[in-house]
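The next block holds one structure in the form of structure tokens; read it before the comments.
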Amino acid sequence: MCLAIPAEIVALHPGERALVSLDGVTKEISVALLDGVAVGDYVVVHVGHALARIDPEEARRTLDLLAEAAALTAEGAA
Amino acid sequence: MCLAIPAEIVALHPGERALVSLDGVTKEISVALLDGVAVGDYVVVHVGHALARIDPEEARRTLDLLAEAAALTAEGAA
Amino acid sequence: MTAPRPTPPSGGRVEMIHGAGGKAMAELIASIFAPALANPYLAQGNDQAALPIPAGGRLVFSTDGAVVSPLFFPGGDIGKLAVNGTVNDLAMAGATPLYLSTSFIIEEGFPLADLDRIARSIGAAARAAGVAVVTGDTKVVERGKADGLFIATAGIGVVPAGLELSGDRARPGDRVILSGSVGDHGVAILSQRENLSFATDLESDCAALVPLVAAMVAAAGPALRLMRDPTRGGLAATLNELARQSGVGMALEEAAIPVKPAVSAVCELLGLDPLTIANEGKLVAVVAPEAAETLLAAMRAHPLGAAAAIVGTVVEDPRRLVRMRTAFGGERIVDWLAGEQLPRIC
Amino acid sequence: MTAPRPTPPSGGRVEMIHGAGGKAMAELIASIFAPALANPYLAQGNDQAALPIPAGGRLVFSTDGAVVSPLFFPGGDIGKLAVNGTVNDLAMAGATPLYLSTSFIIEEGFPLADLDRIARSIGAAARAAGVAVVTGDTKVVERGKADGLFIATAGIGVVPAGLELSGDRARPGDRVILSGSVGDHGVAILSQRENLSFATDLESDCAALVPLVAAMVAAAGPALRLMRDPTRGGLAATLNELARQSGVGMALEEAAIPVKPAVSAVCELLGLDPLTIANEGKLVAVVAPEAAETLLAAMRAHPLGAAAAIVGTVVEDPRRLVRMRTAFGGERIVDWLAGEQLPRIC
Amino acid sequence: MKYVDEFRDGGLARGLAATIAAEAEPGRTYRLMEFCGGHTHAIARYGLEDLLPQAVRLIHGPGCPVCVLPVERIDAAIALARRPGITLCSYGDLLRVPGSGGTSLLKAKAAGADVRMVYSTLDAVAIAQREPERTVVFLAIGFETTTPASAVALEQAEAAGLGNFALICNHVLTPPAMRAILAGADGLAADLDGVIGPAHVSTVIGAEAYDFCAAEFATPLVVAGFEPLDLLQAVLMLVRQINRGEARIETQYRRAVTPGGNRKAQALVERWFEPRGAFAWRGLGSLPASGLKLRPAFARFDAEARFDLAPRPVADPPACECGAILRGRKRPEECRLFGTGCTPDHPVGACMVSAEGACAARWSYGRFRAAPAGQAVPA
Amino acid sequence: MKYVDEFRDGGLARGLAATIAAEAEPGRTYRLMEFCGGHTHAIARYGLEDLLPQAVRLIHGPGCPVCVLPVERIDAAIALARRPGITLCSYGDLLRVPGSGGTSLLKAKAAGADVRMVYSTLDAVAIAQREPERTVVFLAIGFETTTPASAVALEQAEAAGLGNFALICNHVLTPPAMRAILAGADGLAADLDGVIGPAHVSTVIGAEAYDFCAAEFATPLVVAGFEPLDLLQAVLMLVRQINRGEARIETQYRRAVTPGGNRKAQALVERWFEPRGAFAWRGLGSLPASGLKLRPAFARFDAEARFDLAPRPVADPPACECGAILRGRKRPEECRLFGTGCTPDHPVGACMVSAEGACAARWSYGRFRAAPAGQAVPA
Ligand code: SF4
Ligand code: SF4
Ligand SMILES: [Mg+2]
Ligand SMILES: [Mg+2]
Ligand SMILES: [Mg+2]
Ligand SMILES: [Mg+2]
Ligand SMILES: [Mg+2]
Ligand SMILES: [Mg+2]
Ligand SMILES: [Mg+2]
Ligand SMILES: [Mg+2]
Ligand SMILES: [Mg+2]
Ligand SMILES: [Mg+2]
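Protein chains in written order, with the UniProt record's numbering: chain A, 1 to 78; chain B, 1 to 78; chain C, 1 to 346; chain D, 1 to 346; chain E, 1 to 379; chain F, 1 to 379.
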């Protein structure tokens with residue numbers, strides 16, 4: 001039910017709507033729940049609404065932590 | 001368009017309606033256009049309405065005249 | 001009618017999921033179609049049936065879509081009609097029908113109990129015609145996108161070498177034989193239409209003509225030119241088709257064409273011509289004149305041809321007209337139906 | 001695409017009279033179906049086609065109903081789908097498809113120009129698959145009683161003696177080969193549904209698998225156990241069917257299963273599993289392990305199998321489960337679709 | 001079928017035909033117009049022409065209400081049927097009639113309009129009751145036979161207080177059309193020796209309604225039943241009158257027709273309808289007081305008033321000879337479109353539209369008969 | 001797919017799993033509840049159990065709004081859908097959920113009710129605009145993730161002045177349910193060592209909303225994304241907290257979740273909805289202030305008020321162990337109906353209803369795993 005997926009804003013449409021792209025698949029969604037959405041932003045899309053903006057910096061940091069944790073043991077490093 | 005066929009009244013139904021029979025095929029029709037229709041009467045049915053009562057006596061007379069006319073020549077008598 | 005089988009589903013309805021290719025569809029097939037149609041080829045359980053190749057002769061292949069409304073009618077139902085519609089088209093080539101396929105298109109919400117009844121009717125009709133339903137397909141469409149149920153059947157038969165029946169083989173002088181009364185099926189269907197609201201005891205003639213055809217082929221041999229079942233469009237359409245295909249005319253005798261009183265009565269009431277009304281268990285045969293009486297006798301000896309009659313003669317006519325001497329003594333053309341609107345009858 | 005033909009009807013619509021068995025129907029057939037499908041068997045002009053009996057082997061017979069919505073979609077239309085739906089079911093038995101029948105159920109008001117376009121698509125698909133549409137049937141139902149057009153096809157093919165492919169022949173140790181990416185057809189159809197409103201370049205994979213199958217049979221011979229096309233219900237349903245039919249389990253490798261990025265993306269957006277989505281130009285083969293690489297190479301050499309992959313192994317499992325090692329490293333069951341509601345896709 | 005089969009006896013027919021042949025005077029032609037499409041149809045269906053002597057020539061009149069309905073009224077009905085919320089009901093005969101530009105009610109139905117065939121007027125009322133969210137318009141058509149059925153429907157709609165039922169009135173009257181033909185409306189005198197009067201129209205209006213034929217035009221008229229023996233008997237009665245130089249109104253169809261007709265039906269029609277100033281007939285043009293409309297008091301049931309239907313006159317097809325045919329001056333075969341450009345599948349003119357039309361009956365039932373000299377027989 | 005594929009890397013997963021295994025202390029069990037059905041689904045879909053050491057036991061929580069919706073509310077929606085003139089719209093997940101007596105919205109649709117699947121709330125508003133003659137009722141369901149979408153739909157309906165749009169509010173709240181589980185609502189203490197907090201709920205309500213877990217129940221919680229690496233990382237974070245004896249609220253899913261959440265969404269929800277006194281959860285019973293309803297000022301959009309829906313409570317099926325499963329006290333295999341009387345095709349209890357339910361996920365994705373001792377493995 002809480003299925004949501006990050007997608008890139010590729011165009012802003014009138015009426016608080018935007019076109020998002022997910023690997024080339026495009027879909028019009030509502031961005032009424034987010035202020036200041038811009039083309040190039042990644043947003044979390046849930047039942048046709050953008051719920052949250054993805055913070056690229058935080059994403060990078062999380063991946064760094066992941067890689068670090070995965071490398072802690074011999075198996076992970078293999 | 002003026003297709004009509006004689007059928008026998010076999011039952012009277014409420015609401016100025018009646019069941020007619022034509023060689024065992026029965027159909028409900030309106031008898032709103034004829035007063036005093038009775039079971040056993042033959043009526044001329046047109047688009048679901050009884051238009052006229054058949055007069056058996058006149059029918060017989062017409063057939064007599066027909067038979068008579070048909071018998072006038074040698075070919076007719078053959 | 002068949003061996004004991006699981007109690008048919010009651011109260012349930014077909015849902016979209018029954019057509020989605022998953023477990024619900026498999027269960028629908030297993031609970032309704034498999035027991036009703038059981039035979040070893042169907043039991044192969046593949047998306048196709050592998051069948052022995054008949055020895056000798058030619059294959060005959062035909063299809064029919066059944067879209068009748070109502071689905072149940074006096075003398076039959078859509079299942080029986082779907083089987084016989086194809087079986088008869090095979091038989092008209094002189095073929096022995098062997099295998100049928102059934103393609104079901106079901107409207108969401110269709111009662112499972114009705115589907116079960118129709119499946120059993122298909123099974124019974126197939127057994128009666130000596131064919132096996134060996135493969136099938138089931139689709140479900142949303143409510144409002146179909147009319148309860150449509151069934152398309154296709155069939156394979158085999159015709160022995162040397163027997164060549166085709167609509168182009170009628171020749172001047174040939175006799176036209178009709179296997180029985182016309183209009184029974186169409187009028188039985190019409191009697192079920194609410195908006196026409198008439199009542200009759202008449203039943204559809206829906207039947208597999210296979211055994212009658214076997215008797216005819218045995219009796220007339222190569223003198224038999226062709227057969228065709230006068231379904232949609234009735235006898236009028238069939239004879240006009242044949243006249244066109246063979247490049248001949250036809251001369252009919254109205255008095256020889258059997259019409260049941262109830263059919264005549266309904267036609268008078270509604271302004272229809274019995275010759276344009278559908279039949280589902282009748283055939284027209286064209287036969288060389290010298291074999292006509294033999295063939296007629298053979299047909300009359302069979303229950304499906306008890307009322308058979310020679311109804312006309314093939315004549316030369318570059319205009320390919322079907323003419324008829326009326327019972328009244330005059331002559332008229334029997335044309336294709338120009339455009340009367342009848343309810344769906346097959 | 002074909003020889004010059006009468007200009008297709010424009011602006012007109014199918015009326016009830018086109019299904020009434022009279023002249024209007026004959027004209028519809030003559031102007032639309034006959035030129036699009038032309039072949040000598042169809043030209044016999046009877047209600048059935050008489051065909052030469054193939055020499056040797058077994059007959060294969062199958063049917064499919066096409067009820068897809070929309071009727072025209074990226075990569076195909078209902079006509080192409082109807083042809084390939086049956087052709088592929090024949091090919092899955094290793095058969096060479098020879099003859100098709102087509103049964104049209106048309107909704108009153110259907111544009112004649114669309115019907116013409118679909119008829120030509122059927123003709124093109126049949127020629128591409130090497131089959132002839134030899135017989136047919138046309139019914140028209142009232143507006144609101146169908147969804148534009150349904151087409152049921154049935155087909156006859158012949159399989160050479162000695163080639164026995166069947167869903168019950170998978171044995172533990174056999175390899176499972178998939179001919180290409182999954183989900184293309186279903187997602188292409190979904191992309192056309194207004195209420196889902198997403199856009200993609202993806203096209204349906206709708207294709208006749210006949211030449212690929214010929215190459216496979218040539219390459220693997222009797223080591224080929226079975227083939228099946230993962231249509232409705234997708235790869236998941238097909239593998240579960242096969243597991244059930246053969247009494248085995250399957251062990252899949254998720255990483256080996258080709259899925260196009262657009263298909264993955266749509267599935268993520270809508271919460272669907274690509275393994276449950278319909279394909280119309282893919283097949284699953286089960287092959288003895290020693291022939292797996294040879295077969296794979298033969299498949300990859302053919303355009304229809306360019307992305308073929310060994311996706312799993314048949315295993316012993318009394319519970320007949322289809323299990324999958326996920327790309328992530330865990331394991332899970334690949335079950336039949338329990339009940340997701342997808343639009344009508346085939 | 002009682003009162004039917006007796007009047008279809010082929011044996012009697014041969015006798016009657018012989019009598020007619022015997023009584024027809026040598027060298028004389030009896031040009032008899034059957035006014036009514038029902039008669040036209042019966043003549044064709046039973047092949048009566050084969051039974052009559054050459055001397056008797058049957059001329060098909062304008063008595064098919066479907067045939068004579070002007071195109072603009074079909075156009076108006078189609079336009080109304082296409083409006084959302086409207087359910088247009090009519091008798092099956094009318095649905096195929098071509099309007100302008102090759103359209104028809106059936107084609108409009110195929111294209112999505114809610115058009116329904118009904119068997120009876122009362123079916124349309126029932127639809128209006130069953131589907132209160134639809135506005136049900138009955139496209140009424142017909143001669144005096146059929147008008148009372150429309151009146152009964154209106155009575156029922158009124159009694160049920162239906163606000164969603166209305167009627168397009170195309171009812172027409174027999175006597176004015178007959179008068180126009182006998183008078184030679186376009187200045188040419190009708191060349192008729194006698195008239196076969198309508199069967200079922202006459203059950204309603206009575207035989208007295210035709211007195212003017214004899215009185216004003218010195219033309220004999222016999223009201224005849226629709227069965228083939230009825231027709232032959234009427235022909236004999238006319239031949240006899242003509243031979244004697246008489247011009248009387250007789251009734252052959254006495255089993256159902258009285259001099260005064262069905263007074264109850266007449267009263268009902270009178271309550272609901274009144275004559276129009278003029279009404280256009282395909283093939284005949286505009287004829288005064290020849291059509292009916294709803295009385296203004298019932299405007300709420302009058303679709304023409306309610307929906308502002310303003311039929312825009314459409315000219316009859318130029319090559320069509322219907323006018324001459326309906327007046328008995330030409331035969332269908334003499335039209336150059338007959339069977340080539342104009343057939344029952346693709347009718348051009350009024351007479352080819354319904355199975356009761358002169359051209360359609362000729363084509364569908366009788367085209368095997370010899371074509372006139374100098375004209376190829378259409379295949 | 002950016003921000004997706006990176007978090008599905010099987011290589012990193014193996015490393016992370018090894019680290020978790022290495023850090024899990026011998027002899028200790030880590031009982032971690034993933035509250036959210038999205039996590040439950042991801043665990044099953046990626047087979048995460050195979051990657052985790054025995055010591056880590058994942059317990060499926062009640063975070064599937066479809067699963068926990070009480071039967072009586074489905075019954076009420078079905079009854080409403082059956083009324084003429086009503087078009088009932090909902091997300092696909094909800095349509096299959098069984099109501100009383102084996103019915104469901106899909107079965108009601110098959111039987112003729114106008115039930116439509118929509119992808120978004122706005123589709124339902126669009127239907128109401130396109131079909132003004134229908135009354136469109138959106139059957140709203142979902143946690144805090146989904147509620148804002150309902151609020152946006154209501155905003156649009158209000159702006160468009162739609163009189164034919166209403167909503168049945170079944171929106172529920174995460175914190176009260178979590179509190180009930182941690183508190184042991186039925187008197188039994190929850191036996192949990194840590195909680196994996198919702199991903200998308202938290203984008204809306206923010207991580208601070210879970211402070212009570214640590215403060216009141218001394219239970220650590222990590223808000224985690226729905227991708228499998230997110231989950232593994234959250235497990236590692238929890239293991240580490242537990243090892244250290246900590247109980248803090250952490251956020252693994254920092255790329256989308258902030259401490260305060262989406263204030264705009266919160267404000268919109270606040271405008272339209274208010275908490276109910278109590279709301280019944282299948283398996284958990286009635287929980288105070290755990291559900292939302294439309295504010296009385298918006299009664300015109302409230303289908304419960306407009307159509308007098310009075311859901312009649314239906315007892316949970318007696319043999320169903322959902323309550324114990326949702327509290328982490330039993331595993332699906334320990335229910336005697338699991339896979340026999342209760343399957344995703346024919347669900348009996350709440351947890352078998354949606355693919356995100358604990359029992360359904362176990363059955364559909366994981367039933368090959370060893371059954372508990374003494375219990376036959378269902379085929
Ligand atoms: S054949 Fe056609 S065009 Fe000619 S007169 Fe008759 S109706 Fe008119
Ligand atoms: S298996 Fe079914 S009955 Fe048992 S706990 Fe799960 S949902 Fe409830
Ligand atoms: Mg056929
Ligand atoms: Mg047939
Ligand atoms: Mg046939
Ligand atoms: Mg199939
Ligand atoms: Mg048929
Ligand atoms: Mg098939
Ligand atoms: Mg197929
Ligand atoms: Mg298949
Ligand atoms: Mg057919
Ligand atoms: Mg298919």
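For glycine and all other residues, C-beta sits at the position ideal for the given N, C-alpha and C.
Quantities reported herein were computed from a predicted structural model and do not represent experimental measurements.
In DSSP terms, what residue i is bridged to
{"i": "Trp281 (chain F)", "result": "F:Gly285"}
{"i": "Asp64 (chain D)", "result": "D:Thr153"}
{"i": "Cys169 (chain E)", "result": "E:Ala140"}
{"i": "Phe33 (chain D)", "result": "According to DSSP, which records beta bridges pairwise, Phe33 (chain D) is partnered with nothing at all."}
{"i": "Met92 (chain C)", "result": "Paired residues: none, contrary to the question."}
Beta-carbon separation (whole angstroms), residue i vs residue j, contact threshold 8 Å
{"i": "Ile60 (chain D)", "j": "Gly157 (chain D)", "result": "Looking at the sequence provided, one finds Val at residue 60 (chain D) rather than Ile. About 4 Å; that satisfies the 8 Å criterion."}
{"i": "Leu337 (chain C)", "j": "Ala236 (chain C)", "result": "7 Å"}
{"i": "Leu106 (chain F)", "j": "Ala81 (chain F)", "result": "About 10 Å; that fails the 8 Å criterion."}
{"i": "Ile177 (chain D)", "j": "Val287 (chain D)", "result": "6 Å"}
The beta strand (DSSP E) enclosing residue i, as first and last residue numbers
{"i": "Met216 (chain C)", "result": "Run containing Met216 (chain C): none in the beta strand (DSSP E); it sits in the alpha helix (DSSP H), Val210 to Ala220."}
{"i": "Ile5 (chain B)", "result": "Ile5 to His13"}
{"i": "Gly145 (chain C)", "result": "In the sequence under discussion, the amino acid at residue 145 (chain C) is Lys, which differs from the Gly named in the question. Lys145 (chain C) -> no beta strand (DSSP E), and no H or E assigned at all."}
{"i": "Gly102 (chain F)", "result": "Taken as a continuous stretch (DSSP letters only), Gly102 (chain F) belongs to no beta strand (DSSP E), as it is neither H nor E."}
{"i": "Met250 (chain D)", "result": "Gly249 to Glu253"}
{"i": "Val314 (chain C)", "result": "Ala309 to Val315"}
From the options, residue whose alpha carbon lies closest to that of residue i
{"i": "Gly197 (chain F)", "options": "F:Tyr119, F:Arg248, F:Pro275 and F:Leu154", "result": "F:Arg248"}
{"i": "Ala208 (chain D)", "options": "D:Gly312, D:Leu283, D:Glu194 and D:Glu241", "result": "D:Leu283"}
{"i": "Thr313 (chain C)", "options": "C:Asp174, C:Asp229, C:Trp336 and C:Pro211", "result": "C:Asp174"}
{"i": "Val217 (chain C)", "options": "C:Val322, C:Ser264, C:Asp205 and C:His302", "result": "C:His302"}
{"i": "Asp193 (chain F)", "options": "F:Gly101, F:Gly328 and F:Ala256", "result": "F:Gly328"}
{"i": "Met92 (chain C)", "options": "C:Met250, C:Ala306 and C:Ala215", "result": "C:Ala215"}
{"i": "residue 356 (chain C)", "options": "C:Thr135, C:Thr86, C:Arg225 and C:Ile122", "result": "Because chain C here runs from 1 to 346, residue 356 (chain C) falls outside it and cannot be looked at."}
{"i": "Arg282 (chain E)", "options": "E:Arg134, E:Gly63 and E:Gln54", "result": "E:Gly63"}
For residue i, the first and last residue of its enclosing alpha helix (DSSP H)
{"i": "Val152 (chain F)", "result": "Thr147 to Ala159"}
{"i": "Pro317 (chain E)", "result": "Premise fails: Pro317 (chain E) is in no alpha helix (DSSP H) and is neither H nor E."}
Practice task
Please list, following the chain, all residues that have a C-beta closer than 7 Å to any non-hydrogen atom of ligand 3.
Solution key: Those satisfying the condition are, in chain order, C:Ser62, C:Thr63, C:Asp64, C:Gly85, C:Thr86, C:Asp89, D:Asp47, D:Gln48, D:Thr135 and D:Asp137.
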